[in-house]
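Q:
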Amino acid sequence: MTVSSNLKGRFGSIDDGYDLQAQWTGQEFVGRIGSYLNGMDVRVGAAPAGLAGRVGGVSYGFDVEAAVAGTRMEGRLGSYLEGTAFVLDFTPEGASGRLGGVTEGADANFRIYAGEVRGRLGGVTDGFDVQMDIGAVPFPLAALLALCAFRMRHEAAQAGAQGIRR
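Given below as structure tokens:
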């Protein structure tokens, strides 16, 4: 039996969320958050300091940087001026951490069960559920994809509040 290196999942609800799909080649994590018409590509690979990549295209999207040290992954989604820092602490059962600061940030909690990841980003009333079948995709990459989906959703909400259609 071969274990798939493909990830499939969902961020958010059926009517207010994104499909998650990605593939791990052993060197690069490539996928998509959202649908073909309303989504963004994801490309993350190895970098000197850990992981680096981009969600979206050249004119719209955000950079991804992460470094793993022991059981902790720290990084940034977006630029140093307008980006969002994150930290996740991993255990054999899952991961927990924070995306953003104390007042404007969101909690992140994930649990892994035999190749399936379930979690929540944000609070009880204003958060989003995450469910992913990760196969052989490394768990930290799956968690990073969920954080990217949360950031993408936050940007879409801000653009909508400003009357911008992307």
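The numbering of the sequence shown is this note's numbering, which starts it at 6 and goes up by one. Every residue gets a Cβ at the ideal spot worked out from N, C-alpha and C, and that includes glycine.
Using CA atoms only, rank isn't needed, just tell me which of Leu-146, Glu-70, Asp-134 is closest to Arg-158.
A: Taking the sequence shown and counting its residues from 1, the one referred to as residue 158 is at position 153. The candidate whose alpha carbon is nearest that of Arg-158 is Asp-134.
Q: Quick check on Gln-32: does DSSP put it in helix, strand or coil?
A: Residue 32 sits at position 27 when you count from the first residue of the sequence shown. Reduced to three states, the DSSP call for Gln-32 is coil.
Q: Measuring alpha carbon to alpha carbon, tell me which of Phe-34, Phe-91, Ile-139 ends up nearest Arg-116.
A: Counted from its first residue, the sequence shown places residue 116 at position 111. Per the Cα distances, Ile-139.
Q: How big is the Cα-Cα spacing for Asn-114 and Val-63?
A: Counted from its first residue, the sequence shown places residue 114 at position 109. Counted from its first residue, the sequence shown places residue 63 at position 58. Approximately 31 Å, taken between the alpha carbons.
Q: Judging by CA-CA distance, which residue of Val-129, Arg-59, Ala-151 is the nearest neighbour of Ala-100?
A: Position 95 of the sequence shown, counted from the first residue, corresponds to residue 100. Of the listed residues, the one whose Cα sits closest to Ala-100 is Ala-151.
Q: The ligand FAD heavy atoms versus the CB of Gly-62: any closer than 7 Å?
A: Although the ligand FAD was asked about, the structure shown includes no ligands whatsoever.
Q: By how many angstroms is the C-alpha of Gly-22 removed from the C-alpha of Phe-16?
A: For this step, residue 16 is matched to residue 11 along the sequence shown. For this step, residue 22 is matched to residue 17 along the sequence shown. Per the coordinates, the alpha-carbon of Phe-16 lies some 5 Å from the alpha-carbon of Gly-22.
Q: Could you tell me the boundaries of the beta strand (DSSP E) in which Asp-131 lies?
A: What you label residue 131 is simply residue 126 of the sequence shown in a count that begins at 1. Boundaries for Asp-131: no beta strand (DSSP E) harbours it, and the DSSP string shows neither H nor E there.
Q: How about Ala-154 and Ile-38: do their beta carbons lie closer than 8 Å?
A: Residue numbering aside, residue 154 sits at position 149 when the sequence shown is read from its first letter. Residue numbering aside, residue 38 sits at position 33 when the sequence shown is read from its first letter. With respect to Ile-38, Ala-154 sits close: the two C-beta atoms are nearer than 8 Å.
Q: Since Asp-112 sits in a beta bridge, which residues does DSSP pair it with?
A: Taking the first residue of the sequence shown as 1, we reach residue 112 at position 107. Its beta-bridge partners are Arg-103.
Q: Exposed or buried, what is Glu-87 when buried is set at 16 or more other beta-carbons lying within 10 Å of its beta-carbon?
A: As a position in the sequence shown, residue 87 is number 82, starting the count at 1. With fewer than 16 Cβ atoms within 10 Å of its Cβ, Glu-87 is classed as exposed.
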